[in-house]
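Below: one structure, written as structure tokens.
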Amino acid sequence: MSELTLVALRLGLVLALWIFVVVVVLVLRNDLFGTTVVTRSSRDPRREQRPASGPPGASPAAVDPASLRTDPEVTQAAMVVTAGPLRGTSLTLGSTPILIGRAPECTLVLDDDYASNRHARVFQREDEWMVEDLGSTNGTLVSGRRIEGAVPFRPGAQVRIGRTEIELRRGPR
Amino acid sequence: MATIVSYTARPRRLLQALLLLFAVAVGVGAYALVGLGRFEELPANLLELGVGALVLVLVLQIAVMWRAPYADPVILPVVVLLNLLGVAMIESVHAANSIFGLRGSASADRQMLWSVVGVALCVALVVLLRDHRRLRRYTWISAVVGGVLLLMPLLPVIGDSRNGSKIWINIAGFSFQPAELAKIAFAVFFAGYLVSRRDTLALAGPKVLGIHLPRWSDFGPILVAWGFAMAVLVFQTDLGTSLMFFGLFVVMLYVATDRLSWLVIGAVMFLPPAIFAATQMSHVRTRITCWLDPLSSANYGSCEQISQGLFGLASGGLIGTGLGEGRPDMVPHAESDFIFSSFAEEMGMVGAFALLLLYLVLVQRAIRAAVGISDGFGTLLAGGLGFVMALQVFVVVGGVTRVIPLTGLTLPFLAAGGSSLVCNWIIAGILVRLSDAARRPAARQVDGAGPAPAPRPAQEVRS
């Protein structure tokens, strides 16, 4: 076999190695662009849609518009995070109690060193929302005062858990 | 705070089949070129190698299609290519040794045999391990297994000391580096342990110099890991293995807790033992001297390996001498510890960078699987295995190219050595399983729709 063929084969191998690398990287490019990072913020349309859209599959046209706009007296309450890493998150309050803490099973999972695993609970008692400290280490503050047990959670009052501040808001969002 | 949503859920099995064939073509082509360059004829067992590689690739493809249809299409082709390039390089070194007779080295047949064993174990793992979370049941068992494996070289009869490090065992003529297998066992143990403890380990304690330290009472686990790494360092006198285990623990701790302070603490904790090794152990001291100044006339004799490796890298130049046309036999252990310099000599800088890119892709796939997977155990396992592979490549290539002092780790899939090759194939199998779990559409969490719909009974593995 001549010297020239050998050199050509050598360069061909290097070329093939690089083509392999490039093909692999092209495959990966697809993987990179197939992923989106969604920043959690109140302006994100994704988050806005979710609580309002109701059960998936129900077509919007089928819902009576009047049923959406409810009487202000019996509006749903929403819990809004006003400070901390989850700022902008809002949770519509229903009949089920809401657990706040670092544990993954909580409704509102806080990524906060100063919050306990199961830190506080927000629940409804006789037409009134209550916030209850669940024996947390660093305490729950309602309007700047540390609470013991359950106290009423009035709209506008600020509940502070670690670095997170939560407010109750009433009325149509 | 951000949520990552992945939209790709295509199996892409055809793509993997094509890539596997491409990898076999390049690898077998490299083997053929070694024969052409060295003896000006095709190697006698080229057909056997080609058919064998095709059969193994077919088995891998079928196993993945059958049991892990959503696995990453890139992992296995890259691994197959690395393995075949390693076989070609080992054959080149062996042929050079048989011509010039400077020193002997094993032929590539042994490495091919170990490749078959490795592929068989990888296939068995993909077929038998249906759900990676099952590994979590063996958290503490794997801790014991890993510890025993790591301490085996210290046993009197089977232990074996080479180049000042007691990291080998000898059973019935087969020598084995149990630390390679212990690496997998410890990755499983750390993942299982940290996933249940990470909430407490992430709590913030006192603030020192601008970083939040963990609470003092949470320093227990890292101290135990440190003590274990120290035991390895003192009794087996091997800085590389010690660094690998401690680094694995610290990085998995970082992945689990998302606290940068653990990385800083780990780095600070490893400084005293590194200094101790550098000043108290003679073979480590030699290696530091060879790192700083290998080419001076005073050190030339004792640093023959690293200086010959540097000459090899230099004579390779940009495009290399060509496979089978260099003199890798001038370097001691050119087929194992210094296979990177052999490869860079014959394939040149162009080839060496392609090789590094292949490793980069492999590590990136492991970390991508870690990001995509929905359970904490899988995230930690994939992240840990990807990191340990990256650390090995860095330590070996850095040691050969004089970025850091040389330590005794192996280049995954490439270096001659059965234990390293087989264990890395097992890691490849685990990564295939993990990437399948990460990319499977049913396992993906629906963004924010409350608790994710559990596709499989997820509770069975909670311990």
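Keeping their order, the protein sequence lines are chains A and B. The first sequence begins at 1 in the working numbering and counts up one residue at a time. The second sequence begins at 1001 in the working numbering and counts up one residue at a time. Cβ coordinates follow ideal geometry from the N, Cα and C atoms, glycine included. Being a predicted model, the structure only gives us computed values, none of them experimental.
Among the options, which residue has its Cα nearest to the Cα of residue i?
i         : options                                    : result
B/Glu1048 : B/Phe1039, B/Val1034, B/Val1028            : B/Val1028
A/Ile161  : A/Ala16, A/Gly94, A/Asn117, A/Gly12        : A/Asn117
A/Thr92   : A/Thr82, A/Pro85, A/Glu128, A/Ala78        : A/Ala78
A/Arg102  : A/Gly94, A/Ala115, A/Ser90                 : A/Ala115
B/Leu1391 : B/Ala1415, B/Pro1153, B/Tyr1359, B/Leu1194 : B/Tyr1359
B/Leu1201 : B/Trp1216, B/Gly1086, B/Leu1033            : B/Trp1216
B/Tyr1070 : B/Ile1090, B/Gly1104, B/Gln1016, B/Gly1052 : B/Gln1016
B/Ser1336 : B/Met1347, B/Gly1408, B/Leu1362            : B/Gly1408
B/Val1144 : B/Ile1184, B/Asp1131, B/Ser1175            : B/Ile1184
A/Pro104  : A/Gly94, A/His119, A/Trp129, A/Ser90       : A/His119
B/Ala1191 : B/Ser1142, B/Met1230, B/Asp1160            : B/Ser1142
B/Arg1013 : B/Val1057, B/Gly1052, B/Leu1042            : B/Val1057
B/Pro1412 : B/Ala1229, B/Leu1085, B/Asn1299, B/Met1281 : B/Leu1085
B/Gly1378 : B/Leu1313, B/Ser1196, B/Val1034            : B/Ser1196
B/Leu1310 : B/Arg1327, B/Leu1323, B/Leu1194            : B/Arg1327
A/Val109  : A/Ser90, A/Gln124, A/Arg125                : A/Ser90
B/Ser1098 : B/Gly1147, B/Phe1039, B/Pro1153            : B/Phe1039
B/Gly1418 : B/Asn1045, B/Val1123, B/Gln1177, B/Ala1068 : B/Gln1177
B/Val1188 : B/Ile1430, B/Phe1246, B/Pro1441, B/Glu1346 : B/Ile1430
B/Leu1303 : B/Ile1158, B/Trp1140, B/His1283, B/Val1393 : One detail in the question is off: residue 1303 of chain B reads as Cys in this sequence, not Leu. Of the candidates B/Ile1158, B/Trp1140, B/His1283, B/Val1393, the one whose C-alpha sits nearest the C-alpha of B/Cys1303 is B/His1283.
B/Ile1438 : B/Ala1179, B/Arg1368, B/Gly1398            : Note on identity: in this sequence residue 1438 of chain B is Ala, with Ile being the wrong assignment. Cα-wise, what sits closest to B/Ala1438 is B/Arg1368.
Please list the terminal residues of the continuous beta strand (DSSP E) segment that includes residue i.
i         : result
B/Met1493 : A query on residue 1493 of chain B cannot be resolved here, the shown segment of chain B reaching from 1001 to 1463 and no further.
A/Pro152  : 150-152
A/Leu168  : 164-169
B/Leu1135 : Here B/Leu1135 belongs to no beta strand (DSSP E), and DSSP marks it neither H nor E.
B/Ser1142 : First-last for B/Ser1142: 1139-1151, but that is the alpha helix (DSSP H), not the beta strand (DSSP E).
A/Ala83   : 78-83
B/Leu1295 : Where B/Leu1295 is concerned, there is no enclosing beta strand (DSSP E), given that its DSSP letter is neither H nor E.
A/Leu99   : 98-101
A/Ser2    : First-last for A/Ser2: undefined, no H or E at that position.
A/Leu176  : Residue coverage of chain A in this structure runs from 1 to 173, which leaves residue 176 of chain A outside it and unanswerable.
What are the boundary residues of the alpha helix (DSSP H) that includes residue i?
i         : result
B/Trp1291 : 1282-1292
A/Arg160  : Taken as a continuous stretch (DSSP letters only), A/Arg160 belongs to no alpha helix (DSSP H), being part of the beta strand (DSSP E) at 158-161.
A/Glu126  : No alpha helix (DSSP H) holds A/Glu126; DSSP gives it neither H nor E.
B/Ile1306 : 1304-1316
B/Gly1027 : 1013-1039
B/Ser1435 : 1418-1439
B/Leu1113 : 1108-1128
B/Met1065 : 1046-1067
For a quick check, are the C-beta atoms of residue i and residue j less than 8 Å apart?
i         : j         : result
B/Pro1077 : B/Leu1020 : yes
B/Gly1400 : B/Ser1341 : A small correction: the amino acid at residue 1400 of chain B is Val; Gly does not occupy that position in the sequence shown. Contact: yes.
B/Arg1433 : B/Val1079 : no
B/Ile1306 : B/Pro1294 : yes
B/Leu1060 : B/Cys1423 : no
B/Tyr1031 : B/Val1093 : no
B/Ala1366 : B/Ala1382 : yes
B/Ile1167 : B/Gln1236 : yes
B/Leu1239 : B/Val1388 : no
A/Asp111  : A/Pro85   : yes
B/Ala1277 : B/Leu1223 : no
B/Val1026 : B/Leu1081 : yes
A/Leu6    : B/Gly1037 : yes
B/Glu1041 : B/Gly1050 : no
B/Leu1135 : B/Ile1426 : no
B/Ser1105 : B/Glu1091 : no
B/Ala1096 : B/Asp1436 : no
A/Val80   : A/Thr164  : no
B/Ile1139 : B/Arg1198 : For the record, residue 1139 of chain B in the displayed sequence is Thr; it is not Ile. No; because the gap between Cβ atoms is not below 8 Å, this pair is not in contact.
Buried or exposed for residue i, going by 16 or more other Cβ atoms inside 10 Å?
i         : result
B/Ser1242 : buried
B/Arg1287 : buried
B/Gly1220 : exposed
A/Asn30   : exposed
B/Trp1114 : buried
B/Ala1344 : buried
A/Gly135  : exposed
B/Tyr1254 : buried
A/Glu148  : exposed
A/Thr137  : exposed
B/Asn1083 : buried
Can you pull the chain D neighbours of residue i, defined as C-beta to C-beta under 7 Å?
i        : result
A/Phe123 : Checking the listed chains, one finds no chain D in this structure; the protein chains it contains are A and B.
Query raised in the report: Unbroken alpha helix (DSSP H) runs of length 4 or more, entirely within the region 1344-1413 of chain B: which are they?
Result: Runs found: 1376-1400.
Query raised in the report: Curious, which full-length beta strand (DSSP E) runs of at least 3 residues does the region 1173-1243 of chain B contain?
Result: 1174-1176, 1204-1208, 1211-1214
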